[in-house]
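**Student:**
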Amino acid sequence: MENISNFLQNHTLLYSSTAGVVEDIQAILAKLPFRTAYYEGRDVMTALYFPLLMFGIASNILNIVVYTKTGVRDNITVSFLALSISDRLYLVLLSPHLTVDALEHLVQYRMGRAIKWLVDYRILRYPFYWYAFTFYETSILINVYISVVRCACVAIPFTVKSMFQYGGQSLLLLRFSSLILLYAFPCL
């Protein structure tokens, strides 16, 4: 019982000043091994943000150009074109969030300096984030559709062409997009 009262007494003294609490908690967390691994992982990911982002945007633009030049005549080409458009919009809309996140990590956590933003950084960071994830979820639905079509090609090879036709498939992809936008509408 004496140990418990000692523990409570020490911790009430520790939490009596709020500035001391934050510093003490940060000092404790800084000594933990997962915290060090987290920051080292963030260093690697921050260095990879922009090259991967630019590669993804450029490759999706290249895919869009190739699919439109070859002609959009069958359902798989339409699916891959819609997937490229959706992925590109996801990456473009996610780039402000990643940029602010990378700057915040490098300057505030690694250099130890406070960033003096002209506007609140959350204005740059969060509005596009939710729009980006609507396109991310659309890409997931398109991937599921492509998987179902390919599975049907193996399971029922002679009836697939009549089941998944070009016109109906384009409407289905538009329904996917509108469904996701309606689902995310309260957040938008």
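Mind the numbering: the sequence shown is residues 575 to 762 in my numbering, read in order.
Idealized CB from N, CA, C, for every residue including glycine.
Being a predicted model, the structure only gives us computed values, none of them experimental.
Just reading off the alpha helix (DSSP H) that residue 726 is part of, what are its end residues?
**Tutor:** Its alpha helix (DSSP H) spans residues 701-729.
**Student:** Whole angstroms is fine: what's the gap from residue 648's alpha carbon to residue 661's?
**Tutor:** Approximately 20 Å between the Cα atoms of the pair.
**Student:** By Cβ distance below 6 Å, which residues in the same chain neighbour residue 710 in space, the five residues on each side in sequence not counted?
**Tutor:** Excluding residues within five positions, the ones whose Cβ falls inside 6 Å are 664.
**Student:** Would you mind working out which of 666, 652, 615 and 618 sits nearest residue 633, comparing C-alpha positions?
**Tutor:** Checking every option, the nearest Cα to that of residue 633 belongs to 666.
**Student:** Beta-carbon within less than 6 Å of residue 672's beta-carbon, same chain only, minus the 5 sequence neighbours each way: which residues are those?
**Tutor:** Here the set comprises 623.
**Student:** Using 7 Å as the threshold, is the C-beta distance between residue 750 and residue 715 below it?
**Tutor:** Cβ distance < 7 Å, so residue 750 and residue 715 count as in contact.
**Student:** Taking all protein chains shown into account, decide if residue 683 is buried (16 or more other Cβ within 10 angstroms of its Cβ) or exposed.
**Tutor:** Classification for residue 683: exposed.
**Student:** Return the CA-CA distance between residue 690 and residue 699, expressed in angstroms with no decimal places.
**Tutor:** Computed Cα separation, rounded: 15 Å.
**Student:** Going by the CB atoms, is the gap between residue 702 and residue 670 shorter than 7 Å?
**Tutor:** Yes, Cβ-Cβ distance for residue 670 and residue 702 is below 7 Å.
**Student:** Is the beta carbon of residue 676 sitting closer than 7 Å to the one on residue 747?
**Tutor:** For residue 676 and residue 747, no; Cβs fall outside 7 Å.
**Student:** Could you round the C-beta distance between residue 620 and residue 680 to whole angstroms and report it? I think they count as a contact, below 8 Å.
**Tutor:** 6 Å between Cβ atoms; contact.
**Student:** Can you tell me which of the three DSSP states residue 654 falls into?
**Tutor:** Helix.
**Student:** If you drop the 5 nearest sequence neighbours on each side, which residues of the same chain put their C-beta closer than 8 Å to that of residue 720?
**Tutor:** If we look at residue 720 and ignore the five residues flanking it on each side, its Cβ neighbours are 650, 653, 654 and 657.
**Student:** When the Cα atoms are used, what is the spatial distance from residue 725 to residue 755?
**Tutor:** Each residue's Cα considered, the two are about 27 Å apart.
**Student:** Rounded to the nearest angstrom, what separates residue 644 and residue 635 at their Cα positions?
**Tutor:** Near 14 Å, if we compare the C-alpha coordinates of residue 635 and residue 644.
**Student:** Using 7 Å as the threshold, is the C-beta distance between residue 695 and residue 674 below it?
**Tutor:** Cβ atoms of residue 695 and residue 674: closer than 7 Å.
**Student:** Give me the residue from 640, 712 and 646 with the minimum Cα distance to residue 757.
**Tutor:** Ranking 640, 712 and 646 by Cα distance to residue 757 puts 712 first.
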